[in-house]
Amino acid sequence: MAFSFNDAGKRNINWQGFTLDNWKNPCGAPDICVALGNSLKIGFLSTLIATILGTMIAFALGRYKFRGRSSTNLLIFLPMATPEIVMGASLLAMFVNLNINTGFWTTVIAHIMFCISFVVVTVKARVASLDPKLEEAARDLYANEYETFRRVTFPLVLPGIAAAALLAFSLSFDDFIITNFNSGTITTFPKFVWISSIRGVPAQANVIGTAMFLIALAIVVAAQIVGNAKAKRNR
52 MAFSFNDAGK RNINWQGFTL DNWKNPCGAP DICVALGNSL KIGFLSTLIA TILGTMIAFA
112 LGRYKFRGRS STNLLIFLPM ATPEIVMGAS LLAMFVNLNI NTGFWTTVIA HIMFCISFVV
172 VTVKARVASL DPKLEEAARD LYANEYETFR RVTFPLVLPG IAAAALLAFS LSFDDFIITN
232 FNSGTITTFP KFVWISSIRG VPAQANVIGT AMFLIALAIV VAAQIVGNAK AKRNR
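In our numbering, the protein residues as written are 52 to 286.
Structural data, given as structure tokens:
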């Protein structure tokens with residue numbers, strides 16, 4: 052964070068003096084904002100798809116008994132237990148065998164593959180904690196399945212879905228190993244930092260990193276404030 056204010060030019064290693072120029076021009080380093088934009092787009096798409104699919108899988112595993120349920124649970128946990136370098140190389144081999152050129156969309160698919168497990172685990176825990184009596188009460192009041200889900204189940208599960216989405220986005224945005232295997236010529240922000248480390252990471256990378264940290268901190272603080280306010284109203 053401190054080095055985002057460092058007046059060090061291209062090599063941001065030693066402290067040279069205080070400056071705000073890096074904050075005034077965060078895109079001053081060549082291609083840094085292109086890499087940031089790629090990371091944001093990949094993170095958003097992979098999070099959206101992984102959250103939708105993961106939520107449906109979590110409801111299926113948490114609510115229904117079907118043949119192959121235990122095997123599905125095992126497959127869901129497998130990406131979480133697999134080293135990233137193994138998963139990245141495996142996905143690359145799959146794309147090569149299918150004659151698919153690596154790039155933006157292969158990176159999105161790769162991110163979905165490892166993010167969906169975290170979504171399923173997070174949402175499934177929330178689904179398992181629901182009190183079935185609440186849904187039974189809604190049915191006693193003549194609510195159909197859709198109304199019960201929309202008015203009772205979904206609002207209760209929504210915090211878990213939001214937490215899963217935030218986790219998936221942070222994992223996608225921060226990933227380097229799987230991305231490096233499957234992104235081809237596309238540069239993401241972690242790849243930019245890694246490539247820049249050879250010749251010196253520019254101060255603008257610290258600016259973007261600091262901004263991301265402050266935004267995440269603001270979201271956590273805001274969520275805590277809202278949660279405390281709701282808790283006080285419910286007392």
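Positions of the beta carbon are idealized from the N, C-alpha and C atoms, including for glycine.
All figures in this text were calculated on a predicted structure; none of them were measured in a lab.
{"Asked": "For residue 166, the nearest candidate out of 233, 210, 272 and 127 (CA to CA)", "Found": "127"}
{"Asked": "Rounded separation between residue 209 and residue 253 - CA only", "Found": "39 Å"}
{"Asked": "Cβ neighbours of residue 189 in the same chain (closer than 6 Å, five flanking residues each side left out)", "Found": "199 and 203"}
{"Asked": "Whole-angstrom distance between residue 249 and residue 176, CA atom to CA atom", "Found": "43 Å"}
{"Asked": "Counted within 10 angstroms of its Cβ, other Cβ atoms place residue 157 as buried (16 or more) or exposed", "Found": "buried"}
{"Asked": "Continuous alpha helix (DSSP H) assignments of at least 4 residues falling wholly in the segment 126 to 153", "Found": "135 to 148"}
{"Asked": "Option nearest residue 238 by Cα separation, candidates 86, 77 and 74", "Found": "86"}
{"Asked": "Contact between the segment 220 to 229 and the segment 132 to 152 (3+ Cβ pairs under 8 Å)", "Found": "yes"}
{"Asked": "Start-to-end residues for the alpha helix (DSSP H) that takes in residue 249", "Found": "Unbroken run through residue 249: none, as it is neither H nor E."}
{"Asked": "Residue 125 and residue 233 closer than 9 Å at C-beta", "Found": "no"}
{"Asked": "For residue 191, three-class secondary structure by DSSP", "Found": "helix"}
{"Asked": "Straight-line gap, residue 193 to residue 179 (C-alpha atoms, nearest Å)", "Found": "24 Å"}
{"Asked": "Proximity below 9 Å, CB of residue 97 to CB of residue 130", "Found": "no"}
{"Asked": "Buried/exposed call for residue 90, threshold 16 Cβ in 10 Å", "Found": "buried"}
{"Asked": "Classification of residue 93 by the beta-carbon crowding that lies within 10 angstroms, buried from 16 upward", "Found": "buried"}
{"Asked": "Distance between residue 191 and residue 184 (C-alpha atoms, nearest Å)", "Found": "10 Å"}
{"Asked": "C-alpha distance - residue 104 paired with residue 133, whole-angstrom precision", "Found": "20 Å"}
{"Asked": "Proximal residues to residue 95 (C-beta, below 8 Å), its chain only, five neighbours per side dropped", "Found": "220"}
{"Asked": "Range covered by the alpha helix (DSSP H) that runs through residue 225", "Found": "205 to 225"}
{"Asked": "C-beta atoms of residue 109 and residue 162 nearer than 9 Å", "Found": "no"}
{"Asked": "Residue environment, residue 171, which counts as buried when at least 16 other CB atoms sit within 10 Å", "Found": "buried"}
{"Asked": "Within 9 Å, strictly: CB atoms of residue 256 and residue 243", "Found": "yes"}
{"Asked": "Residue 270, buried or exposed, once every other Cβ within 10 Å from all chains shown has been counted against 16", "Found": "exposed"}
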